[in-house]
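Colleague: Each residue of the sequence shown is one higher than the one before, starting from 0 at the first, in numbering that gives the first Met the number 0. In this text, a Cβ means the ideal position worked out from N, Cα and C, and glycines have one as well. Before I ask anything, let me first share the structure, which is written out below as structure tokens.
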Amino acid sequence: MGFCPFFFRSNEIYNMLNKRSDKLELLRIAEAVASEKSIDKELIISSMESAIQKAAKTKFGSENDIRAIIDRKSGNISLHKVLKIVETPENFDTEISLDHAIEKEKKNDIKVGDEIFEQLPPVDFGRIAAQTARQVITQSVRAAERERQYNDFIEKKGEILSGTVKRLEYSNVIIDLNRAEAIIRKEELIPREIIKTGDRIKAYCYDVVRENKGHQIFLSRAHPKFMERLFFQEVPEIYDGIIEIKSSARDPGSRAKICVNSKDSSIDPVGACVGMRGSRVQSVVNELHGEKIDIVHWSEDPATLVVSALAPAEIQKVIIDNENRRIEVILSEENLSKAIGRRGQNVRLASKLMDYEIDILTEKEESEKRQSEFKDKTDVFIKNLEVDETLGQLLVAEGFSTIEEINQAPIEQITKIEAIDENTAKELKERANEFLKKEKEDIGKKLKELGIDEALISLKGLTPGMLVTLGEKKVKTLKDFAELSSDELIGGYDEIKGKRFKVDGYLEEFALTKKEADDLIMLSRNIVFK
């Protein structure tokens, strides 16, 4: 950081301290530095006073409390030794008794706790003291400039900043913002984007961090908010608040989705964002180096929204689980690849856009899944409650999915099922209760046999059944679990060379949502890697 050239010449500071220069020169120096660095003039003068105080202590002794005062109008410098009034002085360099202070000041209205100031004579500080003073002033001005820059940029967090590429460091890009530098980390750049020194560049300011030696400004071109702010600049209706951006998701450099809504029913939010002949959206696409952008019309109804988010695929049926924020989308075989997208990109972005987990099924898969689920639940009731197939199917058809649900259900709820009387209902509940007790005992034994670590057993959110399944898959410690991914837990679909195949998850049978799986894994990682 440069300062006024005349301000740092040692002989001028030397003259300033020894009062051979024009007294008003101090004020002119303070005003010049304050103007150049955009900081408060008073802070410059205060730093000069601190510097003079430090230099004066080399002459009068560091054990003294010395104050320097620069007159804000004339520029006169006065030095004082400060003494605190106490009842019984212990350090006579900095303390004075009340009686002695009254005698010295010729005043009766002073009291214990007050301070008195002894005028000190002007002295020749010497060149070493002048150099010390210069260092103090330099440090104070630099600290003030760093604080001013931090305050300037913390207000710009969440905005797009423009600058010039100053240099490249280990694949990171250093941006010159005129009065400060910012960094775009490698992972915050758009993939395959070519950036050269001297290029003019825009980026989203997502964080400003205060540090001991200044501050760090972090920029991103891959952040979803970067795309949102570009639309904010290109679409006047968004700037005016008529159209609002509800959410966005990006696969930087490839594809993105943005969800918009209009507060004015007469304005089409999608059309406004596209612009005349696509001019507005094209400006954003150009800045994002050709990233394809899908603009989605927002709806309060998740079913309507998911149909728009998965376009151009045509959806036949949507099943929504709001409690677990999960959506099943059923469509024809010919629409499957459109809905999933290349390597699952389309459905992944739609899922992020809606904050719902989206499962894509063909009609055949959905039918097979329902039949399989119905048969599996029926078999559980037949095997463990010792009922015939007809009664087992009847219980499943009436909405019972687990033995625990039967155990907790009131008698009245079960007897509402046709062909089940009160005695049968009581017998079902008794058998359910006995089964659950035995299951708990068996699982406890099984966990010991499998050697499941106590820390994993104690992890909140994992049921005994899940623990047994994990143990059988050789996941026996909390560290083993922490190293899993959510896909390994709940399963899913993948696509290789155009062929779609099912990936089984360790805990798929327990119907965990992706969020629940992510939360469990993060909880374990926080414990293991803290």
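From what residue to what residue does the alpha helix (DSSP H) around residue 377 run?
Modeller: Looking at the DSSP string, the run of the alpha helix (DSSP H) that includes residue 377 is 362–384.
Colleague: How would you write the range of the beta strand (DSSP E) that residue 163 sits in, first residue to last?
Modeller: Its beta strand (DSSP E) spans residues 159–168.
Colleague: Which same chain residues, not among the five before or five after residue 113, have their C-beta less than 6 Å away from its C-beta?
Modeller: Here the set comprises 84.
Colleague: Can the beta-carbon of residue 413 be found less than 8 Å from the beta-carbon of residue 431?
Modeller: No, the Cβ-Cβ distance between residue 413 and residue 431 is not below 8 Å.
Colleague: In whole angstroms, give me the CA-to-CA distance for residue 515 and residue 301.
Modeller: If I take the Cα positions, the gap works out to 20 Å.
Colleague: Expressed to the nearest angstrom, what Euclidean distance is found between the alpha-carbon atoms of residue 20 and residue 235?
Modeller: Its pLDDT being 47, under 50, residue 20 is placed unreliably in this model, and the value from its coordinates should be taken loosely. Roughly 58 Å separates the two Cα atoms.
Colleague: Compare the C-alpha of residue 451 against each of 374, 427, 478, 425 and name the closest.
Modeller: Per the Cα distances, 478.
Colleague: Consult DSSP for residue 99 and reduce its assignment to one of helix, strand or coil.
Modeller: Residue state, collapsed to three classes: helix.
Colleague: Going by beta carbon distance, what residues of the same chain come within less than 6 Å of residue 517, once the five residues before and after it are set aside?
Modeller: 485.
Colleague: Give the straight-line distance between the Cα atoms of residue 281 and residue 162, rounded to the nearest whole angstrom.
Modeller: Their Cα atoms are separated by approximately 22 Å.
Colleague: In this structure, how does DSSP classify residue 355 when only helix, strand and coil are distinguished?
Modeller: DSSP places residue 355 in coil when its eight states are reduced to three.
Colleague: Per DSSP, residue 203 is paired with what?
Modeller: DSSP lists 159, 219 as partners of residue 203.
Colleague: Relative to the alpha-carbon of residue 341, which residue among 250, 216, 381 has its alpha-carbon at the smallest distance?
Modeller: Checked all of 250, 216, 381; the closest Cα to residue 341 is 250.
Colleague: When DSSP labels each residue in this structure, what does residue 491 get in the three-state scheme?
Modeller: DSSP places residue 491 in strand when its eight states are reduced to three.
Colleague: Could you tell me the distance, in whole angstroms, from the CA atom of residue 80 to the CA atom of residue 68?
Modeller: Cα to Cα, residue 80 sits roughly 11 Å from residue 68.
Colleague: With C-beta atoms as the reference, is residue 195 less than 8 Å away from residue 180?
Modeller: Going by C-beta atoms, residue 195 is not nearer than 8 Å to residue 180.
Colleague: Return the first residue and the last residue of the alpha helix (DSSP H) that residue 475 is part of.
Modeller: First-last for residue 475: undefined, no H or E at that position.
Colleague: Which class does residue 83 belong to by DSSP, given the choice of helix, strand or coil?
Modeller: Residue 83 falls in the strand class under three-state DSSP.
Colleague: Here's the rule I'm using: 16 or more other beta-carbon atoms within 10 Å means buried, otherwise exposed. How should residue 404 be labelled?
Modeller: Label assigned to residue 404: exposed.
Colleague: Do you know how far the Cα of residue 421 is from the Cα of residue 436?
Modeller: In a straight line, the C-alpha of residue 436 is about 23 Å away from that of residue 421.
Colleague: Please give the ranges of any alpha helix (DSSP H) in the stretch 400–474, keeping only runs that are unbroken, at least 4 residues long and fully inside the region.
Modeller: Segments of the alpha helix (DSSP H) lying fully in the stretch 400–474: 402–407, 410–414, 421–449, 453–456, 463–471.
Colleague: In the DSSP output, which residue or residues are listed as bridge partners for residue 117?
Modeller: Paired residues: 80.
Colleague: At the level of alpha carbons, what is the spacing between residue 260 and residue 306?
Modeller: Answer to the nearest angstrom: the Cα atoms are 16 Å apart.
Colleague: Going by beta-carbon coordinates alone, are residue 318 and residue 294 separated by less than 8 Å?
Modeller: No, these two residues do not count as a Cβ contact at 8 Å.
Colleague: Can you tell me the Cα-Cα spacing of residue 358 and residue 372, whole angstroms?
Modeller: For residue 358 and residue 372, the distance between alpha carbons rounds to 16 Å.
Colleague: According to the neighbour-count rule (16 or more other Cβ atoms, all chains shown, within 10 Å of its Cβ), is residue 223 buried or exposed?
Modeller: That one is buried.
Colleague: Within the continuous alpha helix (DSSP H) that includes residue 390, where are the two ends?
Modeller: Residue 390 -> alpha helix (DSSP H) spans 388–396.
Colleague: Hey, quick one: how far does the beta strand (DSSP E) through residue 520 stretch, first residue to last?
Modeller: That residue, residue 520, is in no beta strand (DSSP E); its alpha helix (DSSP H) goes 513–527.
Colleague: Tell me whether the beta-carbon of residue 475 lies closer than 8 Å to the beta-carbon of residue 455.
Modeller: It is a contact, given that the beta carbons lie within the stated cut-off.
Colleague: What does the alpha-carbon distance come out to for the pair residue 215 and residue 203?
Modeller: Residue 215 and residue 203: Cα-Cα distance of roughly 14 Å.
Colleague: Can you grab the Cα-Cα spacing for the pair residue 176 / residue 200, in whole Å?
Modeller: Rounded to the nearest angstrom, the two C-alpha atoms are 10 Å apart.
Colleague: Please give me, in chain order, every unbroken run of the beta strand (DSSP E) with length at least 3 that falls completely inside the stretch 286–356.
Modeller: Listed in chain order, they are 291–296, 316–320, 325–330.
Colleague: Please say whether residue 509 and residue 464 have beta carbons closer to each other than 8 Å?
Modeller: Contact: yes.
Colleague: Roughly how far, in whole angstroms, is the beta-carbon of residue 217 from the beta-carbon of residue 174, given that I think they are within contact range, below 8 Å?
Modeller: The pair is not a contact, with the Cβ atoms about 10 Å apart (cut-off 8 Å).
Colleague: Check residue 510 in the structure and name its three-state DSSP category.
Modeller: Here residue 510 sits in coil by DSSP.
Colleague: Could you pull the start and end residues of the alpha helix (DSSP H) that residue 236 belongs to?
Modeller: Where residue 236 is concerned, the enclosing alpha helix (DSSP H) stretches over 235–238.
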